[in-house]
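With the UniProt record's numbering, letter number 16 in the sequence shown gets 16, and the count goes up by one each step, no holes. One structure is given below, encoded as structure tokens.
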Amino acid sequence: MSARFKDWLQASLLGSLLICCIAFTTGVPPAYAYNNPELLPDKPTMVIDLAKILTNSQEEYLNKQLPKFEAETGWKLRVLTQFDQTPGRAVKDFWGLDEKSIMLIADPRGGNILNFSVGDAVYPLLPRVFWIELQTRFGNQFFVRDHGEDQSIMESIASLETCLSRGGCSVVPGLPREQWILTLITSILGGIICGFAAHPRKPGQVFSWQWMLIFSPLWGMLFIAFGIGPVVTRTQDWLPLTRNIAGFMIGALVAFLSPAFSNSSASGEA
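Encoded structure:
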């Protein structure tokens, strides 16, 4: 390979690289700076709705409710919605965010529209597990599809007000129907395992408590940890708790009696 050809090849590669860089920088719209104070409103407000998610009535409600809540409890709640533009760090000075502040950030561009900027004094009352559940419950695509982006914000703010008013929460208040159905299924499954374990295995034995004890970690986890625990920690309503207990008892009874039914059927056929 001649020296002239090598020089020509290097010049071609450098030229192609330069053209790609120019095309990339001119073809992509400029990114907005991380600090855009010009996007902030001229007057004090509790809500900056750049993405236009909230209705006028919802924004008016938050502008009245959040200062009242702050005066009563000392906790500062703020709402920022953004899409292509964001004021960035400028909101910290605009709202005077401190360790007792919570800023809800709604951005429809991601899979989950909710995010939170939380002050250090909040975590002893609302642990990190609480924020994960709050985000996944109200910010997921299914909730947004069924209820709307505005309700995702309003429900999150309502949950925060409830928990901060009562002095903290380990889980998000309220029991969604989908979550209750899951607890009912685990309760019934725990009852079935308990019923099968309690089936008598010796002549004259009414039920096998030894086997119930052996399998108690399994059916106890399904019934108590996954069936009862999520209900009593999220709602004071007795109806879902009663249904889960009834589901456990019915599952246990059916599983306990099913071997007897099969034995009686076999004896009748004989």
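Where is the CB? At the ideal position from N, CA and C, for every residue including glycine. Please read these numbers as outputs of a predicted model, since none were measured by experiment.
- For R78, the pairing in a beta bridge is given by DSSP as M103.
- The stretch 190-197 makes contact with the stretch 221-231, as at least three CB pairs between them are under 8 Å.
- Here DSSP, grouped into helix, strand and coil, assigns D120 to coil.
- Every beta strand (DSSP E) of 3 residues or more that sits fully in the stretch 109-159 is shown, in chain order, as 114-118.
- For D49, the enclosing beta strand (DSSP E) begins and ends at V47 to D49.
- Sequence-distant partners of W131 (beyond 5 residues in either direction) whose C-beta falls short of 8 Å from its own C-beta, in its chain, are F116 and V118.
- The way I'd put it, the stretch 87-94 does touch the stretch 35-44; three or more beta-carbon pairs between them come closer than 8 Å.
- If you draw a straight line from the Cα of T55 to the Cα of D150, it comes to about 8 Å.
- A straight-line Cα-Cα distance of about 50 Å links G168 and Q205.
- Residue E155 holds the alpha-carbon nearest to the alpha-carbon of N140 among R128, E155 and V232.
- One Cα belongs to T233, the other to R243, and the distance between them is close to 16 Å.
- For G190, the three-state secondary structure derived from DSSP is helix.
- Secondary structure of G174 (DSSP, three-state): coil.
- G88 sits in a strand when the DSSP states are folded into three classes.
- Looking only at W238, P67 and S258, the smallest Cα-Cα distance to R78 is reached by P67.
- The three-state reading of DSSP puts S208 in coil, since its state is none of H, G, I, E or B.
- The residue from T73, G96, Q135 and N36 with its alpha-carbon nearest to that of T45 is G96.
- For W209, same chain residues with a beta-carbon under 8 Å away, outside a window of 5 residues either side, are A198 in chain order.
- Per DSSP, the continuous alpha helix (DSSP H) segment holding G220 begins and ends at S216 to G220.
- When rounded, the separation of the alpha-carbon atoms in P127 and I214 is 35 Å.
- Shown here, F256 sits in a helix according to DSSP, grouped into three states.
- When secondary structure is reduced to three states using DSSP, K68 falls in the helix class.
- Contact between G227 and S187 holds: CB atoms are separated by about 3 Å, below the 8 Å threshold.
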